[in-house]
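Student: Next up is a structure, given as structure tokens.
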Ligand code: A2P
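See below:
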């Protein structure tokens, strides 16, 4: 497996990136420094994570005004759902760039196909009854065209999408192919049909929540009573980890790499940060891959179903329709 995807123009997107969701500023800065030291060059952020400034500070300390070092990095952030209107895209992009403190961005993603109302200073506006203030008028293609237009400024090298379904991906491709598709992919939600469709279109896939995002799963479990199995404790994963002398997390990441996708594990612990990028010196056998493939629960295995945005499933572009 190559260590990076090659994007248009020859740009390299490393297949192991560093995830930053749910990392507070004070822990994120040292974690990014540790990740840079461990060899990570791909960093994934989002306006909605409210940590772009902390990530930017840590990256800029490492870049140290050297354009050659900036070029080694692959930095990603995302347009928040409140910015999903053609006339707002440039404004939200500029805000992200100013917080990151970078001259250019490597990849800008549409975070979600659905939209919230644009409320300055409030990225998750709510109604008094606790439902999210969704903007039901979203012109997904119009927003995509506005993202593509950002490339003309030279301040973003690639644009792509996240959290879209196959039908939406096809519609976007009719305008222009996204440079990347970032979706939830892990052992219990293997997304084989969507990945096959993206591969056919020539779009690299990046897996978020590759280790099962325990913090999110725990929060949702507390709210809904649903059970989320711990991916790192699954008997098959423990057994395979033992066989190779690797950790369960390394087995989960290796399974994703061998499934043809990139992954952006998040950790704030220096040892685990190192562990998660040390996945290039072993290989799962065909039998092990089949054993892991059988654990797929399809859409039932999804953790990030956006149920925490109450009422969002009514949006016409909500990507996960219940069948
Ligand atoms: P921590 O930050 O304390 O390491 P995901 O990337 O799927 O969102 O999962 C992130 C969660 O997995 C975090 O709770 C993180 O905790 C934990 N984690 C990250 N790397 C490892 C690892 N190598 N072993 C065990 N847990 C890990």
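Residue numbers (the UniProt record's numbering): 3 to 325. In this text, a Cβ means the ideal position worked out from N, Cα and C, and glycines have one as well. A quick note: this is a predicted structure, and the numbers were derived from the prediction, not measured.
1) Taking 8 Å as the cut-off, is the CB of residue 257 close to at least one heavy atom of ligand 1?
2) Report buried or exposed for residue 16, applying the criterion of at least 16 other Cβ atoms within 10 angstroms of its Cβ.
3) Specify, as a first and last residue, the run of the beta strand (DSSP E) that residue 243 falls within.
4) Pairing CB atoms from the stretch 44-62 with CB atoms from the stretch 291-307, are three or more of them under 8 Å?
5) Please indicate yes or no: does the CB of residue 18 lie closer than 8 Å to some heavy atom of ligand 1?
6) Tell me, please, whether the stretch 146-157 touches the stretch 30-42 by the rule of three or more beta-carbon pairs shorter than 8 Å.
7) Does ligand 1 have a heavy atom nearer than 8 Å to the CB of residue 213?
8) What number of angstroms, rounded off, separates the C-alpha of residue 102 from the C-alpha of residue 245?
9) Would you kindly work out how many angstroms separate the C-alpha atoms of residue 190 and residue 67, rounded to a whole number?
10) Between which residues of its own chain and residue 62 is the CB-CB distance below 7 Å, once the five residues before and five after are set aside?
11) Exposed or buried, what is residue 46 when buried is set at 16 or more other beta-carbons lying within 10 Å of its beta-carbon?
12) With 16 other CB atoms within 10 Å as the buried threshold, where does residue 115 fall?
13) Please state the DSSP three-state secondary structure of residue 269.
Tutor: Inspection of the coordinates gives the following:
1) Counting from 1 along the chain shown, the entry for residue 257 is found at position 255. False, no ligand heavy atom lies under 8 Å from that Cβ.
2) Within the chain shown, numbered from 1, the residue matching residue 16 stands at position 14. Result: buried.
3) Locating residue 243 in the chain shown gives position 241, counting from the first residue. Where residue 243 is concerned, there is no enclosing beta strand (DSSP E), although the alpha helix (DSSP H) it sits in stretches over 237-246.
4) no
5) Here the question's residue 18 lines up with position 16 in the chain shown. Flag unset: Cβ of residue 18 not near ligand 1.
6) no
7) Mapped onto the chain shown, residue 213 falls at position 211. The answer is yes for residue 213.
8) Locating residue 102 in the chain shown gives position 100, counting from the first residue. Locating residue 245 in the chain shown gives position 243, counting from the first residue. Their backbone Cα atoms lie some 42 Å apart in a straight line.
9) One-based indexing of the chain shown puts residue 190 at position 188. One-based indexing of the chain shown puts residue 67 at position 65. Cα to Cα, the separation comes out at about 43 Å.
10) The count along the chain shown starts at 1 and reaches residue 62 at position 60. Answer for residue 62: 103, listed in chain order.
11) Translated into the one-based positions of the chain shown, residue 46 becomes position 44. With 16 or more other Cβ atoms within 10 Å, it is buried.
12) Taking the first residue of the chain shown as 1, we reach residue 115 at position 113. Per the 10 Å Cβ criterion, buried.
13) The residue labelled residue 269 in the question sits at position 267 within the chain shown. Of the three classes helix, strand and coil, the one that applies to residue 269 here is coil, per DSSP.
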